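What follows is a single structure, written as C-alpha cells, with notes after it.
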C-alpha cells in the first residue's frame, strides 16, 4: 500500500487511477465468480477451486482461466463430471477419483524442506488422506502416506517408527473416536495437524465426535481443521514445511 | 414366583396373604425411601446409597437400616457432612474423601476370581477411579490402580505391561479426548469398561466428548458407563469378575 | 517383548532383525489394508471385517486372506453386493440378510460357558439383535433371542422369566425411549449390555435418545455400546461368557 | 364478544366505552405486572404466581391483590424469603418447603371426579412430585403420592397395584433415564402425564435425557410437560379430572 | 392377578397352569411379532400397527390377525404398498393417503363425550392433523378439523371462536416456531395436546424447535407429544374424551 | 376495530353482521388453504406463496386466486414443476431457476426510497441472494447484488466501496463461518440484515455455525433471519426501505 | 479514502504521513483498549462500553475518555460497582439498576422520526426491555414500553392496539416459548426486532428455545438478535427510526 | 529404541535391565503424578503443569521436582493460591495474574527464528492472549501482542500492517462470532493458529460458536485449538517457529 501511496505522490499515477487500481487489479471477474490470482501469487501457492456447489461448466471455465496464469491449479471435491468438463478444456489436468481432485501440475519444484507424513487410522479415511496427499504434492512437498494404523493396534503404528522420527510435519486423519492424533503427537516432536473424518456410525455424528476428541487432545502439539478437510490440512502443512 | 404359587395351592398360605407377601416383603418403607434389602440379597451385592440429593440425616438413617441387615454397606457421592452423620450412628464406617464414599465392610470374603485393573489417564481423574476402587473392594475384589498414564505418553502405559497382561477385567477412566480405553483395549484380551470423566475444559463439555469418543471406540472389547460413574463401572466389573 | 529381548541378547537374532520382526510380523499389508491376524489369535476370536465403506472387491479379498488362516471369519454391515463378491471367492461363507453379515464358520467349538440372552424391544430392532446373534454364534456361544418385549407390555417380558433367570449374560437392544435394559437389569443378577438402536422418529434422533437413556440407567449392572452396534455387544458378551 | 357488540347496538354502552371496556376490564395493572383475575375465573382455577425472578415484595403484593378476589391463591418456585414476605401480608397462607409453594386455600370444594395418582421414581424427585401434589390439592383434587418406585425394582411398582387400577389420572415424575412413565402407562388404562426431572448427573443433562425418553414413549397414553414442571402437570391433570 | 391366585387356591387350576396362563395368554406370537390383543381389550381401544419399518407382507399379516378379533384395526405410517397389501387380505379396510393410515372400522359407536378439535397452523401440517383425525374417529370420537390458522394471522384463529368455545379437548399441530398451542390454550378452558410437526427449514431442525417451544408454553393447560405424532395425540385425547 | 364498532352503533350494520364480517372477511377459504388477501393489502405488500410442501396444482390454484386480486404475486421455493403448473394458468408469471421463484409483476412502482445492497460471500450463496433480489424487486426496490466477496479476500470487499457507502439497507448472505455481515456492518452506517446460508460442510452444520456467528456479531447494526431465508431478509429490508 | 489520496497527490501531506494518519487517527489507544471515537461519529451514534469483563476502574477510565469528546456515552451490563466507579469520575452519569446501564446524556435531540414500541412478554423480561429502552432514549428516540402481555392472554396484547397501530418500529422481548414476536408481527405493518430472553427453566435452555422459535417465525417482518441483547435491538431500531 | 536393542546385543546391558529401563526411566513417580522429564527433553520444551484440579501443595511439589532438572518450568491455569505455594518453594518463579501462569525462566535463549504475533479481538480476550504470550516467551520466542482489533473496526486491524507483514506465525484469539482469524489469514501469507475464547453471552455458548466459526474458516491457512487454550496455541506456534 505504501508503494501505491508513493507512486501517487510522485505523480507517476493519478489518485483516481490509484483507486481504480485498488478496486480492479487484485481479481478477475468472470460473471459468476471473482478469481483472485493475486492471492495465490501473494502466498506462493497454486490456485484452488472448491468444486462442490459449482456446475461442471463453471468449474471448467474457472480452471481454464486459472491455468492461463501459468501456475499449478487444483480443484477439490470434484466429481467425475467436474473432471470430464475440466479435462475437455485443459487436457493435461489429472483426476484422482479417490481424492476427488483435478490437478494441473506444471511447476514440480520442491518447495517444502522436509517430508510431510500423512497418517490415517482406517481404510475408510483414505479419501481424506488422499486429498491431503494430492494437495501437498501440488504445493511442492515430499509426502509419505501410512494407512490403517488405528489406536486399537498400536504395533501397526510403532512399525512406522522411521516415518515418525523423520517427518517434519504430520497430518493425521481419523474418524470414530479420533484418538490417533493424540497418540502420534505423544510420540513425535513435530507439529501434528489433526483431520477429523466423517467415518463411523451412530454416536460418531458424521465426524463431530472425532473433531471434539481432537480439540481436547492432551498433547499440546496438535491443532485441528474441519471435518474431512484434507485440503486445508495439507495447505497449512505446506506453509509450515516451507519455513 | 412359582414357589409362591405352589405354597398357595398347597394352602400353606392364603391367596390374600400371597398378595400381601408380594406387596410388602421385598422392601422396607421408611417414610421417605423404600429400602430394597431383597435386591442386594438377590444379587449377592452390598447395599448401596446414592447420597447426592439426600440430607445427611436421611443418609445416616438409611445407612443404619441397611447396616442392621448385617452385610456390607456403601454410600457414594457423600460429602463430609454425609460422612459425619453416618459415622455418628455407624462408627465403624469409613470415609474416603477423594472417592466421596462411606463404606462399612464386615464381610471381606474375596468373591472375585481375578484382579480388576483400574487405570486412569490423568491425576484429575483420580476421584472417579477411587470411587471405582472402593466399590470394587467392598464387593470383594482384588484391585490394582494405575494412574497418570494418558495416551500422550505411551511409555507410561507400556510400563504397566504386567498389569495389562494379568488383570481379568479393566476399568479405564479418562476425560478430555477419552482415548485411553481404546488404546488399552487394543493391548489386552479382556473386557474393558470405559468411564468418561468430567475432566477438561472448553469443548470437553464436562465429559460429553470423552463419552462420545468411548462410544465410538474402534476396539470391540469396550463398553461405556455414564460420566464420572466409577461406582457403576466397578459394580459391573464385580459381576464379571465373579463369573 | 521380554522374549524378543532375550532372543536378541543370546544373539539368536540380530537387533536389526528384532526391529524388522516387530515391524512386520503382526500384520499383513495388502495394499489398501493391514490385516492383523495376530490380533484375533491374541484374543482367541474370529477375524472380522467392517464392510461398510469398503468395495465388494476389497471386502472379498480381505475375507479370502483371512480365510486362508483357517479360523472363523465374519464380515459385518455387508450388503448383498458385498456378500455376492465374498461368496464368489469363498463359497462356504453364508449371508444373513437381516443381520447384514457374511460368516464363515469352520470351528463351531462351544467356548462360552453359558447362554447369552439377546432381547429386543420391538420388531424393528431385529436387525441389530440378529447382528448380535450371528456374532455371538460365530464366537462359539449358545444364544437365545427374544423379541417384541417392550416395556409398554411388561407381561410379555415376564413371560420370558425362564430365560431371565438362566442366561449368563444379557444383550438388550431398544430404540425410542430405550427403557428395556433398565427394566431387565432390575430383574436379573447378571451383566446387561445395552444396545441403543436407531429405531424411532422425531425426538428419538436416530438412537441418541435411547443411548442417553441407557447411559442414565438406574440399574448398576448395565453398560452401553454405540447405536446399532450389535456386533460390539456380542463381542463383549462373548469375552465375558468365556470367563 | 357478541354480548358486547349487542350492548353497543342497543346503545346501552357507547363504542368508545366498548373499546375502553375491552382494554381495561380483563386485568389489573399494578405497575410491574398485569393481573389476569379474569383468566382464573374463566378457567375456574385458582390464581397462580410464578415467584422465580420476582422479588419477595413483588410476590407478596401480587399475592395480596389476588387474595382480595376471594379465591384460592398459589405461588410456585417460592423461596423462604418469598414465603416470609407473603405470610407477613397474608397470614393464612401456608409454605411447603420441599414443594417451594405458598398456598392460600379458602375453597376446599372437591372438584375433581377421581383420584390423581402422583408417582415418582426416586427420593430425589420428591420436590417436583410435591409441587404437583400441592397444586392438585389447591385445585380441589384428591391425590395419592407414591415414591421411590423406579423401574430397576419393578416389584415396588407392582406393590402399588391398587393405586394403579383405581386412579383416574396419573402424574409420573422421573429423572435419569425417565423410563417410569412408559412402564406405568403400559400397566394402566388412564392418561399419564410425564414430568421429566433434573435429577441425575453426567449424561442426564439436567433432565433433557428424561424429557427425550418420555417424548419417545412406546405407550400412546403419555404426554409430557417441561422439566421439573410439577405445577403444569397438576394443572393439566386437574382439568382432565373435572371432565 | 388376585383372581388368578384365588383360582389356584380353589384348585380350579393348577399352579403350573397358572404360570403357563400368565406366560401365554396375553399375546399371540406370530414369529416376528407378539400381538397384544389383550392390551387393546384392556384399554377398550382399537388394535394398532406402526407400519414404518415393517414390510407390506408383515403389516398385512398382523392386520389380518388383529381383524380376526372383531374390533377396529388401525395401521399408521403406511405407504401405498402397505395399504395395497393390507387391502388384498382385508378388503374392507380404507387407506387415507394424506394421513398414511389404513383403517378397518366395524364398531362406529360414539364413545367420546364431546368434540375433539384438531387445529393446525399451516397447510403443510395437514398430514399430521389428518393422522390425528383418523385415529380419533376410529376410536369413536366426533372431531372437527380447522387448518391454516397460524399465529401470524390471528383473525383466522378468532374466526374459529365457536369451535374454541365448544370443544372438549384440543389437539394443536404446528411446525416452525410452534406458537399456536400457547395461543389457543390461552383462549380456551380445556386441555390442549400440542403436536410439534417437522414442517419448516433451517433452524426448525425437523420439528425440534417447535417441540422445545411447546415444552415452554406459558399456558399451563398444554402437554406435548413427539414430533409428527398425530396418532399419540389423538389416542391421548380419546382417553380424556371418554372420562 | 373502532370503525367497526362505530358502524354498529350507528346501526349501519347489525352486530350479527359485524361478527360475520370479522369472521369471514379477512381471508378466502379454498378448501386446503386460507388466503389472506387482507394481509397483503394491510401491509401494502405482494401476496406470497411458500411452495415447498405444496403440490404444483395447489400452488397454481393459490397463485391464480391471488393473481385475481390484481397485485403482484410471488411464489418462493418453487421447483420447475411448480413453475410449469403456475405458468400454465398464469402465463405472464416468470420463473427464476436459481432463486426458485415464480413472480407475477404488474405493479412496478418504485416504493423503496433507496438502494438495497445484497452482498454474498461465495458463489454458492447465490441462490439465497437471488431469492432476496427477486423478492426485493417484486416489492418495488432498486437492488444491487455483489457476490464472491468473502472475508478471506478483503480487497474484493473494499472494491465495493461505492455500494457500501450509498446503499440504504444491506442484506448480507454467508455460509461457513458467517463472518461477512460483521465486517460489512463495521464499514457501513446502515442496517444490515444477515442471512446464514447452508453452504459448507462438516462443522458448518447446514448453516447453524453461520447463524450462531451472526447472532454473536460484535457490530450492533446486525440482525439475523433463518438459514437460507433470502425472502424474509428482503421482505424486512423492503419495510425499512419504505420508511 | 479518496480524499486522503487526493491530499497526498496535491502534496499537502506526505505518503508517510498518510500511512501514519490511517494508522493512528481513527482510535485512541489507552493501554488496555482502543477507543474508536471515529466510529460513533461516523454512525452518528453515542459511544458505547460493554462493561461485562472489564474492571470498574477500566470502565470508568474508558467512560471518562469518551465523555471528553462531548457526545452521549452509554455503558451496558454494568454492575453497581461499575456504576459507582463511573459516577465518581463522571458525576452527571446516571445508573439504571434494572437495565444495568450507566448513561451520560448531553444531547437529547430527538433524532428518531417515530415511536419505538418495546413490548415484553413477562415481568421477568423487564431487564432486557429496560436495556433496550435506555439505549433507544440515549440515541434520541421516543419510546413506549408495554410489559406482561404474553401470548397466553391475548386480550392484554389487544389492549395495546393504539400502540400497535402507531409505532414505527417494534422491539419484542420474550423468553420461554418466544411466541410474542410472531403474534405482534402478524398484527402490525412495521418491522419487528425480536429479542429472545434467558427467562424460563428446563427446556428453555437459557433462551435458546426462544431464539430458535423467533428464527422460525412465520411472519416475514421479524429479525432476531442475540439472547438478552436489548442494546443491539435498540441500536438497530434507532438506525431504522432515523431513516 | 534401536539404540536400546543394540546395547542389549552388545551385552552392555542385560535384557532384564532393558525392560526395567523402559519401564522406569522416562518418568518419575511422586505418588499422585508421574513426571515425564524425558518428554520435555525429547521435545526440547520446558516442563509444564496444568494446575487446574490440582491442590496448591501438589502443584508446588511437582513444580519443585521439575525445577530440580534445571530447565524452564511453566504452570498454567494457576490461581493466586497455586502461585503462593509455588513461590514459597521456588522463589524465583513469577506469577502473571491475568495469564494465570507461574513461570520459572532460567534459559532465555531465543530459539524461535521469527516473531510470533498474538492478536486478540477484544479486551476480554486478553487473559487467553496473555497465556499464549507467557508460554511463547518461556519457550524462547520473540512475541508481539496486538489487542482490541475486532472485525467490526477493520481500520484498527489495518493499522497493524507492519506486524501483519513481518510475523512468522500468528496466534489469533477471538470470542463471540470468532471472525478475526479468517480475516487475518486472508491478509497474511503465514500460518494462523486460531484460539476461540469463551468471551460472549447468549448464543456464544462459552466459546462454542467461535470454535465452530473458526473450524469453517474460508481461509486455508487456519487451524484451531480448544476454547481458551492459549497455552496450546503458543506451544504449537513455538514448534513451527523453530523450524
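Chains as they are written, first to last, in the working numbering: chain H, 1 to 243; chain R, 1001 to 1243; chain B, 2001 to 2243; chain W, 3001 to 3243; chain P, 4001 to 4243; chain A, 5001 to 5243; chain Z, 6001 to 6243; chain X, 7001 to 7243.
Heads up, the beta-carbon is just placed ideally off N, CA and C, and yes, glycines get one too.
Because the structure is a prediction, the values reported are computed rather than measured.
> chain W partners of residue 4224(P), CB-CB under 8 angstroms?
Replying inline: Counted from its first residue, the fifth chain places residue 4224(P) at position 224. Simply 3215, 3223, 3224, 3225.
> So what's residue 7256(X) in DSSP terms, helix, strand or just coil?
Replying inline: Chain X is shown only over 7001 to 7243; residue 7256(X) falls outside these bounds and no answer can be derived.
> Excluding five sequence neighbours on each side, which residues of the same chain lie with their C-beta closer than 7 angstroms to the C-beta of residue 5237(A)?
Replying inline: Working through the sixth chain from its first residue, we reach residue 5237(A) at position 237. For residue 5237(A), where only same-chain residues beyond five positions count, the Cβ hits under 7 angstroms are 5116, 5136, 5169, 5171, 5193.
> With residue 1094(R) and residue 1103(R) assumed to form a contact (beta carbons below 8 angstroms), what rounded beta-carbon distance in angstroms separates them?
Replying inline: Here residue 1094(R) is taken as the residue at index 94 of the second chain, counted from 1. Here residue 1103(R) is taken as the residue at index 103 of the second chain, counted from 1. Correct: roughly 6 angstroms between the Cβ atoms.
> For the candidate residues 5052(A), 5064(A), 5110(A), whose alpha-carbon lies nearest to that of residue 5092(A)?
Replying inline: As a position in the sixth chain, residue 5092(A) is number 92, starting the count at 1. Comparing Cα positions, the closest option is 5064(A).
> For residue 7259(X), which residues in chain H fall below 7 angstroms Cβ to Cβ?
Replying inline: Residue 7259(X) falls outside the range modelled here, since chain X spans only 7001 to 7243, and no answer is possible.
> Should residue 5055(A) go down as buried or exposed, given a rule of 16 or more other Cβ atoms within 10 Å for buried?
Replying inline: Counting from 1 along the sixth chain, the entry for residue 5055(A) is found at position 55. Classification of residue 5055(A): exposed, given that the 10 Å Cβ count is below 16.
> From what residue to what residue does the alpha helix (DSSP H) around residue 4079(P) run?
Replying inline: Reading the fifth chain from its first residue, position 79 is the one you call residue 4079(P). No alpha helix (DSSP H) holds residue 4079(P); DSSP gives it neither H nor E.
>> Residues of chain R with CB closer than 7 angstroms to the CB of residue 190(H), please, in chain order.
In response: In the first chain, counting from the first residue as 1, residue 190(H) sits at position 190. Chain R residues near residue 190(H): none, gap ~14 angstroms exceeds 7 angstroms.
> Can you give the Cα-Cα distance for residue 7025(X) and residue 185(H), rounded to whole angstroms?
Replying inline: Here residue 7025(X) corresponds to residue number 25 of the eighth chain, with the count starting at 1. Here residue 185(H) corresponds to residue number 185 of the first chain, with the count starting at 1. Because the pLDDT at residue 7025(X) is just 44, under 50, the model does not fix this residue reliably, and the value given afterwards should be weighed accordingly. Looking at the two C-alpha atoms, the distance is approximately 20 angstroms.
>> Would you call the segment 119 to 139 of chain H in contact with the segment 193 to 203 of chain H, where contact means no fewer than 3 C-beta pairs closer than 8 angstroms?
In response: yes
> Over what stretch of residues does the alpha helix (DSSP H) that includes residue 6995(X) continue unbroken?
Replying inline: Residue 6995(X) lies beyond the stretch modelled for chain X, which goes from 7001 to 7243, so this question has no answer here.
> When the cut-off is 8 angstroms and only beta carbons count, does residue 3230(W) lie next to chain R?
Replying inline: Here residue 3230(W) refers to the residue found at position 230 when the fourth chain is read from its first residue. No - not a single Cβ of chain R is within 8 angstroms of the one on residue 3230(W).
> Does the beta carbon of residue 7166(X) come closer than 8 angstroms to any beta carbon on chain A?
Replying inline: Mapped onto the eighth chain, residue 7166(X) falls at position 166. Residue 7166(X) does not count as touching chain A.
> Would residue 5226(A) pass as a contact of residue 4202(P) if the rule is Cβ separation under 8 angstroms?
Replying inline: As a working note, residue 5226(A) is residue 226 in the sixth chain. As a working note, residue 4202(P) is residue 202 in the fifth chain. Contact flag set, yes.
> Can you tell me whether residue 3070(W) is buried or exposed, with buried defined as 16 or more other CB within 10 angstroms of its CB?
Replying inline: What you label residue 3070(W) is simply residue 70 of the fourth chain in a count that begins at 1. Flag for residue 3070(W) reads exposed.
> What residues in its chain sit with their C-beta under 7 angstroms from that of residue 7188(X), if we drop five residues either side in the sequence?
Replying inline: Within the eighth chain, the letter at position 188 stands for residue 7188(X). The residues are 7164, 7170.
> Between the Cα of residue 1125(R) and the Cα atoms of 1229(R), 1223(R), 1242(R), which residue gives the shortest distance?
Replying inline: Here residue 1125(R) is taken as the residue at index 125 of the second chain, counted from 1. Measuring from the Cα of residue 1125(R), the nearest candidate turns out to be 1229(R).
>> Nearest by alpha-carbon distance to residue 6053(Z): which of 7052(X), 7127(X), 7067(X) is it?
In response: The sequence position of residue 6053(Z) within the seventh chain is 53, counting from 1. Residue 6053(Z) has its Cα closest to that of 7127(X), out of 7052(X), 7127(X), 7067(X).
>> Measuring straight from C-alpha to C-alpha, what distance separates residue 6178(Z) and residue 6224(Z)?
In response: Taking the seventh chain and counting its residues from 1, the one referred to as residue 6178(Z) is at position 178. Taking the seventh chain and counting its residues from 1, the one referred to as residue 6224(Z) is at position 224. About 11 angstroms.
> Is residue 2191(B) helix, strand or coil by DSSP?
Replying inline: Sequence index remark: in the third chain, residue 2191(B) carries index 191 (1-based). Coil at residue 2191(B), not helix or strand.
>> Using a Cβ-Cβ cutoff of less than 6 angstroms, which residues in the same chain neighbour residue 2173(B) once the five nearest sequence positions on both sides are dropped?
In response: Residue 2173(B) sits at position 173 when you count from the first residue of the third chain. Cβ within range, chain order: 2120, 2125, 2128, 2129, 2195, 2197.
>> Looking at the ligand GDP, does it come within less than 7 angstroms of residue 6057(Z), judged from the CB to the closest heavy atom?
In response: Annotation note on the ligand GDP: not contained in the displayed structure, which lists no ligands.
> In chain order, what residues of the segment 3193 to 3209 of chain W put their CB closer than 9 angstroms to some CB of chain R?
Replying inline: 3199, 3200, 3201, 3202, 3203, 3204, 3205
>> Assuming contact is defined by CB atoms lying nearer than 8 angstroms, are residue 7235(X) and residue 181(H) in contact in what I supplied?
In response: What you label residue 7235(X) is simply residue 235 of the eighth chain in a count that begins at 1. What you label residue 181(H) is simply residue 181 of the first chain in a count that begins at 1. In this structure, residue 181(H) does not lie closer than 8 angstroms to residue 7235(X) by Cβ.
> Straight-line CA distance for residue 1062(R) to residue 1089(R)?
Replying inline: Stepping through the second chain from its first residue, residue 1062(R) is reached at position 62. Stepping through the second chain from its first residue, residue 1089(R) is reached at position 89. Looking at the two C-alpha atoms, the distance is approximately 11 angstroms.
>> So, with DSSP's three-state summary, where would you put residue 3221(W)?
In response: As a working note, residue 3221(W) is residue 221 in the fourth chain. Reduced to three states, the DSSP call for residue 3221(W) is coil.
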